[in-house]
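*Asks:* Chains as they are written, first to last, in my numbering: chain A, 1 to 342; chain B, 343 to 684. Note that CB positions come from ideal geometry on N, CA and C, so glycine has one too. Dropping the structure in here first, questions after.
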DNA sequence: TTGTAAGCGTTATCAA
DNA sequence: TTGATAACGCTTACAA
């Protein structure tokens, strides 16, 4: 049929729309990308054809020709599945709302080949920006590599200030202090503290808040009542054993996250202690775990999905990135904490 | 400087390598893609330059020109964070091993606009294949849309046979029967069963296995001892309450997943029942939850990450997709089940 | 065995 | 306000 070539099927392209609307592809492109300098008459006509043909831009052509990929990556290296999951959800929903997609990458910052992992990740780098989740938010090697390549990144809940990207911050210390004060107000004086692993940013902040609240009341943290876990329930159980096996056991336990608090509760119930009559238990994060326990956990709500949604928003906007964004935390009092006995 | 154009920086491309190796870009392409018909001398020379310049193919150019995107998507709509997480991990690691990336998408199959969600997902479809996780593996609307567009998909643990894609199967019924037999062997005769939500594929299979094991011993499931949950711990707690409040309460509870089993255990411990002396509890999945409890849960191990890794492998291979791949399950006996009292 | 040339569907440049 | 036309970096015919 010579020149006459009818597209029978396949995805609708800019030229399909252009042909039908009687304009050039550049004009269609302008309309699609909401650029200026299109007469409203033309714009309307093109828009009609666009929705008529149900045009969808080809993300690969876009990325190849242009300077953005419409892809974001979220990096994680955290044993806490539900925390990672919630973080993903926030970013995912924000991405979807604006036509972006989310690529997830697992890193192993403890592995010997971490440097290679980073190199491999960035060499093939195909995303417009990275969302770093704890403990990656504080990984010096990763941050340096990102800075060297000028890749935009947002660090979720980092501990160190750092010069790179945007930090999404929550005031862990203030919230931990507030929760500790809640326990003090209930009459508790011997409070066990289960801290997180030392590499993790939140660990020190939460402990600092705990300690400062005690000091504000003229008390001091007792070294024997501070034990270390790794943010898993299992470690919380073990920490609970160490704390509760003591003859002068604490009347309350404050765990640095909900999973460890659950572990402590399981140990307590195994030892025949009733919560909150014999022992108050509090966690941190208000994860799903906090609702699984009985009684439900007193904890600190961290707006995890909001934080990761904000992270995605910052990366997508392509405007100058703010140094930091602060989120408020909230102490959530539930049934697991009560008046100290005696 | 006329023709002389020195690339000062920017990513290394095929032509950079070609120029340096003194061959055409097509030859370099052949080497990169391990195609035949390249003399070993040429191949070696090109490979040297390739690694020398640290060439990385541009995934967007590849996708635009070729027929694959080096991207897979994993769809989920499941409240169980750790199940989804483990599934992601398996797919993620498989992808990474072969230079693919994983895009995750959240769907809401209960929403009124689900059809639009599917349309939007597939219109912009940029991946080489989809991994469907329960309960999406059985979603008729989604499967039909996928089939209509000829998009390859792998269905993880579907309940219905279906004509579409590859099914990654586990013999839920056999495993549930085996676990039930374990309880019967311990002397339990009144066994409570907490089933999953009705939309979920595994729900009926696990119940069927439970029922058939009872029948094999001349017993029958008692309708009063079968209650429904939604796979969350919370629903397990509530189901536990209904089962254990009865005067003739069961001596064992078999929950269709670990989270619900944890819920039942929490209820039991609240009611002052000791496990396993007063009550045996068993779960299903061998998720992290199974190790959080005390005593640890007797459960069924489902090789979740292996299953999703296999799913990714099938999609990436581009060979004719098998109708089904079977995985073995394993009953894991731990401390939460014991000899029936009396 | 190797190379040439034509796309792939966009964005970007520059002229009209 | 518009539109040719050249990239973008690769794969895929097809030729040599």
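#1: How is the alpha helix (DSSP H) around residue 64(A) delimited, first residue to last?
#2: Going along the chain, which residues of its own chain have a beta-carbon closer than 8 Å to the beta-carbon of residue 453(B), five neighbours each way excluded?
#3: How would you call residue 274(A), buried or exposed, if buried means at least 16 neighbouring beta carbons within 10 angstroms?
#4: What residue ranges within the stretch 396 to 450 of chain B form continuous beta strand (DSSP E) runs of no fewer than 3 residues, ordered along the chain?
#5: Could you tell me which residues DSSP puts in a beta bridge with residue 171(A)?
#6: What does residue 427(B) touch in chain A if you count any residue whose Cβ is under 7 Å from its own?
#7: Grouping DSSP H, G and I as helix and E and B as strand, with all else coil, what is residue 330(A)?
#8: For the structure I just gave you, are there three or more beta carbon pairs, one from the stretch 274 to 290 of chain A and one from the stretch 137 to 148 of chain A, closer than 8 Å?
#9: Identify whether residue 227(A) lies in helix, strand or coil by the three-state DSSP scheme.
#10: From residue 340(A) to residue 153(A), what does the alpha carbon distance come to, in whole angstroms?
#11: If we ignore side chains and look at the alpha-carbon of each, how far apart do residue 7(A) and residue 88(A) end up?
#12: For residue 667(B), which residues from the same chain have a beta carbon less than 6 Å from its beta carbon, with the 5 sequence-adjacent residues on both sides left out?
#13: Figure out for me which residue from 538(B), 432(B), 599(B), 398(B) has the closest Cα to the Cα of residue 639(B).
#14: Output needed in chain order: residues of the stretch 91 to 122 of chain A with a Cβ under 8 Å from some Cβ in chain B.
#15: Take the Cβ of residue 644(B) as the centre, count every other Cβ of all protein chains shown within 10 Å, and call the residue buried at 16 or more, exposed below.
#16: When the Cα atoms are used, what is the spatial distance from residue 578(B) to residue 194(A)?
#17: Under 7 Å Cβ-Cβ, which residues of chain A neighbour residue 430(B)?
#18: Is it buried or exposed, residue 333(A), if we count other Cβ atoms within 10 angstroms and call 16 or more buried?
#19: Name the chain A residues whose beta carbon is nearer than 9 Å to that of residue 579(B)?
#20: How is residue 666(B) classed by DSSP in three states: helix, strand or coil?
#21: Tell me, to the nearest whole angstrom, how far the beta carbon of residue 604(B) is from that of residue 650(B); I am working on the premise that it is less than 8 Å.
#22: So which residues on chain A does residue 605(B) lean against when the C-beta distance must stay under 8 Å?
#23: From which residue to which residue does the alpha helix (DSSP H) around residue 574(B) run?
#24: Is the separation between the beta-carbon of residue 183(A) and that of residue 252(A) shorter than 8 Å?
#25: According to DSSP, is residue 647(B) helix, strand or coil?
#26: Look at the alpha carbon of residue 587(B) and the alpha carbon of residue 96(A), and state the distance between them as a whole number of angstroms.
#27: In whole angstroms, give me the CA-to-CA distance for residue 446(B) and residue 417(B).
#28: By the three-class DSSP mapping on this structure, what secondary structure does residue 164(A) have?
#29: Keeping to the same chain, check which residues put their C-beta closer than 7 Å to that of residue 331(A); ignore five residues upstream and five downstream.
#30: Chain B beta carbons: is any one of them nearer than 8 Å to that of residue 234(A)?
#31: Return the CA-CA distance between residue 25(A) and residue 14(A), expressed in angstroms with no decimal places.
#32: At a CB-CB cut-off below 7 Å, which residues of chain B make contact with residue 324(A)?
#33: Under 7 Å between beta-carbons, which chain B residues line up against residue 269(A)? List them in chain order, please.
#34: Beta-carbon within less than 8 Å of residue 227(A)'s beta-carbon, same chain only, minus the 5 sequence neighbours each way: which residues are those?
#35: Quick check on residue 536(B) - is its C-beta less than 8 Å from some C-beta in chain A?
#36: I'd like to know if residue 63(A) contacts chain B, where contact means its C-beta is closer than 8 Å to some C-beta of that chain.
*Replies:* Taking the geometry as given:
#1: 59 to 65
#2: 459
#3: exposed
#4: 413 to 418, 443 to 448
#5: Residue 171(A) pairs with nothing; no bridge assigned.
#6: 81, 84, 85
#7: strand
#8: no
#9: strand
#10: 46 Å
#11: Bear in mind that a pLDDT of 45 at residue 7(A), under 50, signals an unreliable position, so the model cannot answer this.
#12: 510, 652
#13: 599(B)
#14: 92, 93, 96, 99, 101, 102, 103, 104, 105, 106
#15: buried
#16: 28 Å
#17: 104
#18: exposed
#19: 292, 294
#20: strand
#21: Between residue 650(B) and residue 604(B) the Cβ distance is about 23 Å, and since that is not below 8 Å, they are no contact.
#22: 292
#23: Where residue 574(B) is concerned, there is no enclosing alpha helix (DSSP H), given that its DSSP letter is neither H nor E.
#24: yes
#25: helix
#26: 46 Å
#27: 6 Å
#28: coil
#29: 175, 178, 179, 182, 300
#30: yes
#31: 6 Å
#32: Within chain B, no residue comes near residue 324(A); the closest Cβ sits about 27 Å away, beyond 7 Å.
#33: 611
#34: 192, 193, 194, 195, 239, 242, 243
#35: no
#36: yes
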